[in-house]
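Numbering (my numbering), first residue to last: 402 to 540. Ideal placement from N, C-alpha and C gives every residue a C-beta, glycine not left out. One structure is given below, encoded as structure tokens.
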């Protein structure tokens with residue numbers, strides 16, 4: 402498996418419904434934050450992508466399986482791991498826990514892109530640079 406890190410979150414009132422249960426799209430927001438946190442840790446933040454002429458890594462697929470609800474004021478951990486690294490994409494696996502209790506699992510597939518050379522309104526998938534690949538592999 403690849404590089405792994407943890408993003409900590411405190412569930413706030415605005416993250417929940419009236420029953421104090423996390424409104425489910427917030428988990429995808431926290432997946433995204435954890436992914437950006439991972440890229441920051443390995444030295445490939447959004448600025449580096451943009452400075453190199455890349456658009457970043459938009460999501461091509463997202464999935465979650467809910468086991469237990471997260472509640473208002475819980476402190477949760479969003480663990481992310483680069484679980485499958487391909488030529489132009491990376492599958493990131495997620496585990497969300499509260500005090501070691503599993504709340505949900507999920508994944509995203511992100512594709513490295515740049516503006517399309519023939520139409521800058523479109524994106525074009527490109528191969529991962531070796532430096533990024535090595536860092537995602539945990540090397």
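Whole-Å CB distance - residue 511 paired with residue 490, under 8 Å assumed: 6 Å
Reference residue 524, options 493, 513, 435 and 486, closest by Cα: 513
Rounded Cβ spacing between residue 416 and residue 424 (contact assumed at less than 8 Å): 7 Å
Span of the alpha helix (DSSP H) around residue 438: 426-442
Neighbour-count burial assignment, residue 408, 16 or more Cβ in a 10 Å radius: buried
Identity of the residues DSSP links to residue 522 by a beta bridge: According to DSSP, residue 522 bridges with nothing at all.
Closest by C-alpha distance to residue 530, when choosing among 427, 411, 453 and 414: 453
DSSP beta-bridge partners of residue 467: 505
Classification of residue 436 by the beta-carbon crowding that lies within 10 angstroms, buried from 16 upward: buried
Residues that DSSP places opposite residue 472 in a beta bridge: 422
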